[in-house]
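> Okay, here's the structure, questions in a sec.
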Amino acid sequence: MSKKSFRQAINEALAQEMERDPRVVIMGEDIAGGLGAPGEDDAWGGVLGVTKGLVGKFGRERVLDTPITESGFIGAAAGAALRGLRPVAELMFVDFMGVCFDQIFNQAAKFRYMFGGKATTPLVIRTMFGAGFRAASQHSQCLYPIFTHIPGLKVVIPSSPYEAKGLLIQSIRDDDPVIFFEHKVMYDVEEEVPDEPYAIPFGEARFVREGDDVTIVAFGRMVSMASQAAEALAKEGVSCSVIDPRTASPLDLPTILESVRETGRLVLVDEASPRCNLATDISAQVAEQAFDALKAPIRMVSPPHTPVPFAPALEDEFVPNAEKIAAAVRSTMRAPSKQAAE
Amino acid sequence: MSKKSFRQAINEALAQEMERDPRVVIMGEDIAGGLGAPGEDDAWGGVLGVTKGLVGKFGRERVLDTPITESGFIGAAAGAALRGLRPVAELMFVDFMGVCFDQIFNQAAKFRYMFGGKATTPLVIRTMFGAGFRAASQHSQCLYPIFTHIPGLKVVIPSSPYEAKGLLIQSIRDDDPVIFFEHKVMYDVEEEVPDEPYAIPFGEARFVREGDDVTIVAFGRMVSMASQAAEALAKEGVSCSVIDPRTASPLDLPTILESVRETGRLVLVDEASPRCNLATDISAQVAEQAFDALKAPIRMVSPPHTPVPFAPALEDEFVPNAEKIAAAVRSTMRAPSKQAAE
Amino acid sequence: MAMSRALQLSREDLLRAYRQMRTIREFEERVHAEFATGDIPGFVHLYAGEEASAVGVCMHLTDKDAIASTHRGHGHCIAKGCDVHGMMAEIYGRKSGLCAGKGGSMHIADVSKGMLGANGIVGGGAPLACGAALAAKTLKTGGVAVAFGGDGASNQGTTAESMNLATVWKLPVIFVLEDNGYAESTASGWSVGGDAIKRAEGFGIPGVRVDGHDFFAVHDAAGEAIERTRSGGGPSFLHLKLNRYYGHFEGDGQAYRRDGEVAGLRAEIDTLDRFRRRVTEAKLLEENDLAGVDREVLALIEDSVRTAKSAAAPKSADLLTDVYLSY
Amino acid sequence: MAMSRALQLSREDLLRAYRQMRTIREFEERVHAEFATGDIPGFVHLYAGEEASAVGVCMHLTDKDAIASTHRGHGHCIAKGCDVHGMMAEIYGRKSGLCAGKGGSMHIADVSKGMLGANGIVGGGAPLACGAALAAKTLKTGGVAVAFGGDGASNQGTTAESMNLATVWKLPVIFVLEDNGYAESTASGWSVGGDAIKRAEGFGIPGVRVDGHDFFAVHDAAGEAIERTRSGGGPSFLHLKLNRYYGHFEGDGQAYRRDGEVAGLRAEIDTLDRFRRRVTEAKLLEENDLAGVDREVLALIEDSVRTAKSAAAPKSADLLTDVYLSY
Ligand SMILES: Cc1ncc(C[n+]2csc(CCOP(=O)(O)OP(=O)(O)O)c2C)c(N)n1
Ligand SMILES: Cc1ncc(C[n+]2csc(CCOP(=O)(O)OP(=O)(O)O)c2C)c(N)n1
Ligand SMILES: [Mg+2]
Ligand SMILES: [Mg+2]
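Protein chains in written order, with this note's numbering: chain A, 326 to 667; chain B, 326 to 667; chain C, 19 to 345; chain D, 19 to 345.
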């Protein structure tokens with residue numbers, strides 16, 4: 326156990342799984358870097374250094390730099406997964422999914438079903454997402470609702486270094502195609518992370534905090550925002566549960582429902598664009614299945630329906646934060662509860 | 326006014342707008358057909374004959390057959406829209422969006438915002454969607470929730486020939502990028518359609534039927550299913566409103582809310598995959614904004630979270646239908662209403 | 019011509035080649051006829067006329083080799099060893115189909131045989147073939163992969179990306195362009211700018227153009243290409259000029275074709291006829307041998323249709339299985 | 019060399035060329051310095067070293083012509099006439115920026131000038147350029163479009179698709195490959211299989227390879243290509259070999275480069291130095307003329323930074339505008 330950054334946690338998960346299983350290969354643009362160039366090998370280790378050092382440990386046969394052809398190499402990862410490898414492909418920014426989505430959603434995601442259960446596609450796609458980097462409209466999106474929409478994909482959104490390591494190990498060991506979302510603003514976040522490998526199962530939500538009044542569900546970077554909000558609210562006498570579902574698909578709905586049955590109030594925090602996102606998804610499932618337990622309207626905290634702006638002031642305004650979450654929680658407390666109305 | 330099929334309504338809308346405005350051009354794979362071939366020109370008029378005859382009227386300069394390169398020609402349509410044309414590009418099946426999504430969601434959809442309001446992109450993408458054709462997993466999807474998720478796109482889902490003509494004309498006249506969804510099973514549906522051009526504004530829902538007990542919201546082909554269900558339910562003494570929002574983005578939420586405030590019960594019908602779809606989207610918005618009006622859980626009728634199967638028996642089981650909608654409505658009537666619980 | 023290595027094939031191999039080509043032809047002719055009765059659902063794209071490609075290429079492959087196919091996949095499936103009964107049942111949407119009725123004509127696959135699936139997405143297969151080649155290379159199986167694609171597919175970005183990837187990763191992959199002159203109703207003479215061989219060379223891949231109706235020419239060229247690629251020479255490219263006998267899909271009126279175009283092709287350059295003439299003239303096989311194969315194939319196809327028709331459809335519960343490993 | 023048509027440019031044009039190249043250089047050097055202070059947010063990719071490409075090409079264009087650019091877009095913007103103050107303000111995220119602070123370095127655009135935007139997606143611009151060319155052709159404006167793209171972008175499927183589309187639609191589009199030897203940290207010698215000129219020819223587009231540090235060579239080759247394309251000769255292709263002076267983006271440690279690689283380039287083949295030597299040796303311009311331009315450019319850039327720094331950021335309400343025409 327030692328303090329590790331989100332970046333190190335991911336690097337370690339990759340290293341340990343590559344160690345354990347020779348069929349695991351990783352690929353992506355500049356994940357080692359320096360190929361064909363006169364300077365150092367492993368010159369980059371990924372655009373933000375996440376895969377640094379792996380080529381030194383495992384060699385260029387298992388750490389594959391790629392040309393800038395996402396359809397080509399992500400499709401190749403899917404094909405290789407059908408034929409005995411367990412590829413972990415890096416889609417540098419999830420914003421680039423538009424040039425290769427077909428290989429993900431029509432090919433990898435559907436093989437098993439289309440082929441009548443006779444194919445297995447142990448593919449992981451690691452990808453960076455999220456706003457806060459002043460990276461503007463084409464490098465700041467979340468887009469995980471799109472992947473969650475697609476049957477056949479599993480969607481993982483780790484919220485801390487500990488979570489990242491355990492969920493990535495599970496992703497690599499999982500036999501279905503997994504999209505693993507890494508928030509670019511979190512790479513330097515640190516926490517205690519075990520040195521040995523461990524897997525966190527999919528579809529099991531984590532209680533970040535337990536409380537009686539309101540249930541807050543948040544994903545990825547928003548989990549810490551939700552925790553901050555809960556902290557602040559506790560001082561106001563409002564006690565919140567904070568739930569991190571960890572995986573958007575499969576979704577641990579039972580845990581969320583159970584909590585809502587206890588608190589009667591739900592706030593959903595989603596950094597993705599507001600239409601057809603995870604907040605609406607979970608809200609709808611809860612409204613269908615635990616309607617009777619609800620004491621107040623379900624509130625959603627998401628950015629506005631706009632592209633991500635570049636200017637720092639606008640971007641800061643765009644991204645949900647602890648204050649906005651707290652305000653949403655307060656509004657559910659104020660809302661006339663059903664009991665009160667009776 | 327005369328009886329026209331959904332196919333004819335679209336063809337007529339295209340012809341009339343091309344007539345009216347020389348900047349309107351249409352492009353797509355085999356939308357005329359026979360290029361370079363020894364047989365007839367306009368040999369196909371689109372894979373299901375929707376654009377038949379237009380090349381004869383407007384010539385090959387304005388009716389552009391394309392190679393099978395969706396990124397290339399849909400990106401070209403976006404670029405041309407920036408430079409004075411008003412292109413209507415056909416993405417044959419929406420299932421093919423995976424090879425060209427970048428040009429739609431990172432380029433066309435974002436120009437205006439990224440460029441600080443200094444660009445206008447009057448682009449229409451017509452595309453075929455939906456199950457029921459025994460066309461299997463890669464030719465039967467809906468996917469409009471993905472487009473609805475993207476800020477900057479408008480999403481239109483006509484539910485009848487009359488709607489198709491008026492909404493397509495509006496799409497072509499609109500100065501924002503529009504994705505126009507045509508349900509492949511509906512092309513032969515007929516109804517009275519005016520001969521002259523008319524435009525149906527975006528963001529204005531249509532009451533297909535008014536009733537007191539339950540509000541049903543449905544899109545595209547599901548609108549007629551919902552109407553059938555309402556018909557059947559009327560005989561049981563259950564009176565339903567059926568609302569067709571016409572456009573998923575912008576969404577006419579006020580009309581839906583108003584109806585829900587009257588009925589207190591809501592059933593959402595969406596042919597798209599169930600996670601993060603339009604049913605969840607609308608449910609969440611209603612649960613947030615008209616919670617107090619709800620007498621029963623909101624019910625969603627969508628296919629299961631699976632790819633679209635090929636076998637007819639399975640596909641029929643997959644697609645929502647009037648029976649399933651009616652069952653959902655009945656369940657909201659049975660559900661202990663808040664009043665009842667009091 | 020006379021120097022064809024394929025003419026030196028064993029009697030057994032020649033019979034195998036003929037049997038496979040005849041099976042494809044018969045399969046397609048029968049599906050065409052059955053489709054017309056309305057019994058077969060969905061989009062069906064027939065391979066009749068193009069048999070020499072699938073068979074001439076796949077005869078050089080074993081189960082450790084993989085192929086990625088197209089929407090026009092029946093021929094590739096048969097040539098790669100997919101079970102004909104399973105295929106026919108799949109096309110009919112039966113539970114006994116190769117894909118349990120969930121895939122249909124456009125998605126027939128048998129991964130265990132290295133057949134990675136027909137593909138509903140034009141250009142979708144080439145990256146998958148690169149992946150199969152990568153797996154073979156990394157796992158040192160000695161296998162190669164073949165990406166079949168049409169003239170239409172040759173324009174898709176995925177094809178270009180795959181060719182470049184194959185070159186820079188030195189993948190054991192062979193790209194086979196089945197240029198049947200049309201993508202749907204559009205002539206390849208219009209839609210394919212420049213020159214296919216030059217394109218491949220532009221991506222660093224040597225290519226040859228071959229008469230795709232000549233089994234022997236295809237077999238020779240494919241043999242050389244596959245040998246070269248298998249032995250570490252890097253990716254190869256074949257440009258086969260051939261023709262399809264039916265419409266783009268069943269139901270296509272083919273107004274874009276010259277009147278009598280297909281009749282002429284059938285009369286003049288039919289692959290099976292040419293094969294037959296060639297082997298009998300060279301006295302490598304007897305008419306009798308071939309007629310025997312014809313009869314057996316006919317019986318096989320007949321039986322596959324009969325059993326498919328009477329086979330059970332998938333059940334309701336099957337709708338929800340095979341999405342993930344867990345359900 | 020001595021036969022360069024560009025050497026016959028008017029004094030005014032030569033000065034204009036120099037001013038633009040110097041403006042680009044100074045702009046980038048200054049952004050580099052300012053970025054280091056932490057004042058400039060986001061991803062910034064500098065064009066220093068590649069000036070001859072943007073200027074040598076865009077000097078042949080007017081506002082009726084369009085260009086599609088890349089993530090490394092500042093040079094293209096300046097060469098295509100974007101306002102330098104507006105650009106600098108945009109990079110600082112100010113409301114007065116060309117994109118009202120919403121786009122930043124990677125999305126600077128001025129559609130009114132035919133600059134269709136820097137582009138955060140590698141290979142994203144080529145289809146847009148085809149579209150601009152289509153508009154010019156359909157509306158008979160006489161305009162052409164230029165698609166700039168790097169060696170990395172040359173592998174993207176969109177590039178191949180666009181080349182083919184340009185050929186079959188006979189579009190007035192010129193593809194300019196700015197091959198600076200690297201895509202991020204990866205050498206183009208590794209990532210680009212085959213040969214760029216052959217690729218273009220494979221798609222039916224004639225191409226030439228040019229020393230991208232030689233303004234005169236670029237200007238000549240671009241002039242010929244654009245003329246040919248503008249007069250209906252179909253698409254053209256230019257392969258420019260050049261170098262970038264800074265990292266892939268600001269912050270890149272450039273460990274992949276040889277020690278002293280850039281210093282050597284700056285000393286030996288710097289575009290501006292070569293231009294200067296060339297025009298003074300040929301007595302087309304005086305050192306004095308050039309020094310005057312240098313001073314003016316310096317003052318311009320200085321002023322642009324000063325005003326950008328003191329300009330207002332966008333306001334909260336701006337977040338919600340410009341999504342659609344209606345809001
Ligand atoms: C990405 C994509 N675009 C379009 C289609 C529709 N489509 C199916 S087959 C086909 C023509 C393919 O032509 P070619 O590659 O020459 O193969 P052929 O049909 O001639 O065997 C088209 C356009 C598709 N399935 N996928
Ligand atoms: C589709 C896509 N993939 C990857 C990236 C990340 N990326 C940005 S620039 C770049 C390198 C581009 O290289 P090149 O085209 O040679 O242009 P250069 O940076 O050398 O000017 C990469 C990989 C991207 N922006 N878009
Ligand atoms: Mg073809
Ligand atoms: Mg480069």
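No residue lacks a Cβ here, since even glycine has one placed at the ideal position from N, Cα and C. Small disclaimer: the values here were computed from a predicted structure and weren't measured.
Count the other CB atoms within 10 Å of the CB of B/Ala647; is the residue buried (16 or more) or exposed (fewer)?
Stepping through the second sequence from its first residue, residue 647 of chain B is reached at position 322. B/Ala647 should be labelled buried.
> For ligand 2, I want to know if D/Tyr200 counts as a neighbour, meaning its beta carbon is within less than 7 Å of at least one of the ligand's heavy atoms.
Counting from 1 along the fourth sequence, the entry for residue 200 of chain D is found at position 182. D/Tyr200: yes, Cβ under 7 Å from ligand 2.
> Identify every run of the beta strand (DSSP E) within the segment 154-197 of chain D, keeping only runs that are complete inside it and at least 3 residues long; order them along the chain.
List check, beta strand (DSSP E) in window: 163-168 and 191-197.
> Is B/Phe421 near ligand 1, going by C-beta to nearest heavy atom under 7 Å?
Sequence index remark: in the second sequence, residue 421 of chain B carries index 96 (1-based). Indeed, a heavy atom of ligand 1 lies less than 7 Å from the Cβ.
> For a cutoff of 8 Å on Cβ pairs, would you count B/Phe440 as touching chain D?
What you label residue 440 of chain B is simply residue 115 of the second sequence in a count that begins at 1. B/Phe440 counts as touching chain D.
> Nearest-angstrom Cα distance between B/Val533 and A/Ala334?
Within the second sequence, the letter at position 208 stands for residue 533 of chain B. Within the first sequence, the letter at position 9 stands for residue 334 of chain A. Taking the straight line from one Cα to the other gives about 55 Å.
> Whole angstroms are fine: how far does the CA of C/Ser28 sit from the CA of C/Thr80?
Within the third sequence, residue 80 of chain C is the residue found at index 62, counting from 1. Within the third sequence, residue 28 of chain C is the residue found at index 10, counting from 1. C/Thr80 and C/Ser28: Cα-Cα distance of roughly 17 Å.
> Does DSSP put D/Ala84 in a helix, a strand or coil?
What you label residue 84 of chain D is simply residue 66 of the fourth sequence in a count that begins at 1. The answer is strand: DSSP assigns D/Ala84 an E or B state.
> Report all residues from its chain with a CB closer than 7 Å to the CB of C/Val49; omit the five preceding and five following residues, and keep chain order.
Counting from 1 along the third sequence, the entry for residue 49 of chain C is found at position 31. Excluding residues within five positions, the ones whose Cβ falls inside 7 Å are Ile58, Val62, Leu64 and Ile109.
> For the alpha helix (DSSP H) containing B/Ala680, name the first residue and the last one.
The question about residue 680 of chain B has no answer here: the residues shown for chain B are numbered 326 through 667.
> Closer than 7 Å by beta-carbon distance: list the chain B residues that pair up with A/Asp501, in chain order.
Numbered from its first residue, the first sequence carries residue 501 of chain A at position 176. Result: empty, since nearest Cβ-Cβ is about 13 Å, beyond 7 Å.
> Can the beta-carbon of D/Lys113 be found closer than 8 Å to that of D/Asp340?
Taking the fourth sequence and counting its residues from 1, one reaches residue 113 of chain D at position 95. Taking the fourth sequence and counting its residues from 1, one reaches residue 340 of chain D at position 322. No, the Cβ-Cβ distance between D/Lys113 and D/Asp340 is not below 8 Å.
> If the cut-off is 9 Å on Cβ atoms, which residues from the segment 215-239 of chain C count as contacting chain D, listed in chain order?
Within the segment 215-239 of chain C, the residues whose Cβ lies closer than 9 Å to some Cβ of chain D are Ile215, Lys216, Arg217, Ala218, Glu219, Gly220, Phe221, Gly222 and Ile223, listed in chain order.
> I'd like to know whether the C-beta of A/Ile471 is nearer than 8 Å to at least one C-beta of chain B.
The sequence position of residue 471 of chain A within the first sequence is 146, counting from 1. It does: the Cβ of A/Ile471 has a partner Cβ on chain B nearer than 8 Å.
> B/Leu379 versus chain D: which residues are under 9 Å apart at the beta carbon?
Taking the second sequence and counting its residues from 1, the one referred to as residue 379 of chain B is at position 54. What B/Leu379 touches in chain D: nothing, since even the nearest Cβ is about 15 Å away.
> Which of the three DSSP states is assigned to A/Pro412 in this structure?
Residue 412 of chain A sits at position 87 when you count from the first residue of the first sequence. It is a strand residue.
> Show which residues of chain C have a CB atom less than 7 Å away from the CB atom of A/Phe398.
As a first step, residue 398 of chain A is located in the first sequence; it is residue number 73 there, counting from the start. Going along chain C in sequence order, the residues near A/Phe398 (Cβ under 7 Å) are Leu183.
> Using a Cβ-Cβ cut-off of less than 7 Å, list which residues of the segment 46-70 of chain D approach chain A; keep chain order.
Under the 7 Å Cβ criterion, the segment 46-70 of chain D contributes Pro59, Gly60 and Phe61.
> Do D/Val315 and D/Thr55 count as a contact pair if the criterion is CB distance below 8 Å?
Within the fourth sequence, numbered from 1, the residue matching residue 55 of chain D stands at position 37. Within the fourth sequence, numbered from 1, the residue matching residue 315 of chain D stands at position 297. The answer is no: Cβ separation not under 8 Å.
> For A/Asp595, does the count of other Cβ atoms within 10 angstroms reach 16, so buried, or fall short, so exposed?
Counted from its first residue, the first sequence places residue 595 of chain A at position 270. By the neighbour-count rule (16 or more Cβ atoms within 10 Å), A/Asp595 is buried.
> Return helix, strand or coil for A/Gly364, following the three-state DSSP convention.
By one-based count along the first sequence, residue 364 of chain A stands at place 39. A/Gly364 falls in the coil class under three-state DSSP.
> Reducing DSSP to helix, strand and coil, say where A/Gly460 ends up.
As a working mapping, residue 460 of chain A is identified with position 135 in the first sequence. What sits at residue 460 of chain A in the sequence shown is Ala, not Gly. In this structure, A/Ala460 counts as coil in the three-state DSSP scheme.
> Out of C/Ala214, C/Phe221 and C/Arg217, which has the shortest C-alpha to C-alpha gap to C/Trp187?
Your numbering for residue 187 of chain C matches position 169 in the third sequence. Nearest option by C-alpha distance: C/Phe221.
> Compile a chain-ordered list of the residues in the segment 94-124 of chain C whose CB is closer than 7 Å to at least one CB of chain E.
The structure shown contains no chain E; its protein chains are A, B, C and D.
> Tell me which residues share the same chain as C/Asp238 and place their Cβ nearer than 7 Å to its Cβ, disregarding the 5 neighbours each side in the sequence.
Numbered from 1 along the third sequence, position 220 holds the residue referred to as residue 238 of chain C. Excluding positions up to five away in sequence, the list reads Ser22, Arg23 and Ala24.
> Starting from the C-beta of B/Arg586, find all residues in its chain whose C-beta is less than 7 Å away, skip the five residues before and the five after it, and write them out in chain order.
As a working mapping, residue 586 of chain B is identified with position 261 in the second sequence. If we look at B/Arg586 and ignore the five residues flanking it on each side, its Cβ neighbours are Ala615 and Ala618.
> Per the contact definition of three or more C-beta pairs closer than 8 Å, is the segment 142-162 of chain C in contact with the segment 398-416 of chain A?
Result yes; three or more Cβ-Cβ pairs closer than 8 Å.
> Do we get a CB-CB distance below 8 Å when we pair C/Gly269 with the residues of chain A?
If you number the third sequence from 1, residue 269 of chain C lands on position 251. So no, C/Gly269 is outside the interface.
> CA-CA distance, B/Cys601 and D/Leu290?
Mapped onto the second sequence, residue 601 of chain B falls at position 276. Mapped onto the fourth sequence, residue 290 of chain D falls at position 272. Approximately 55 Å, taken between the alpha carbons.
> Can you tell me the Cα-Cα spacing of A/Phe506 and A/Asp569, whole angstroms?
Taking the first residue of the first sequence as position 1, residue 506 of chain A is located at position 181. Taking the first residue of the first sequence as position 1, residue 569 of chain A is located at position 244. Going from the Cα of A/Phe506 to the Cα of A/Asp569 covers about 14 Å.
> Can you tell me the Cα-Cα spacing of C/Val280 and C/Asn198, whole angstroms?
Position 262 of the third sequence holds residue 280 of chain C. Position 180 of the third sequence holds residue 198 of chain C. If you take the alpha carbons of C/Val280 and C/Asn198, they lie about 12 Å apart.
> Under 7 Å between beta-carbons, which chain B residues line up against A/Val424? List them in chain order, please.
Locating residue 424 of chain A in the first sequence gives position 99, counting from the first residue. What A/Val424 touches in chain B: Asp427.
> Would DSSP call B/Asp577 helix, strand or coil?
The residue labelled residue 577 of chain B in the question sits at position 252 within the second sequence. Residue state, collapsed to three classes: coil.
> By how many angstroms is the C-alpha of C/Val191 removed from the C-alpha of B/Leu478?
As a first step, residue 478 of chain B is located in the second sequence; it is residue number 153 there, counting from the start. As a first step, residue 191 of chain C is located in the third sequence; it is residue number 173 there, counting from the start. Going by the C-alpha atoms only, they are around 40 Å apart.
> Say whether chain C places a C-beta atom closer than 8 Å to the C-beta of D/Gly175.
As a working mapping, residue 175 of chain D is identified with position 157 in the fourth sequence. Yes, because at least one Cβ of chain C sits closer than 8 Å to the Cβ of D/Gly175.
> Taking DSSP's pairing of strands, which residues face A/Phe330 in a bridge?
Stepping through the first sequence from its first residue, residue 330 of chain A is reached at position 5. In the sequence under discussion, the amino acid at residue 330 of chain A is Ser, which differs from the Phe named in the question. Paired residue(s): A/Glu515.
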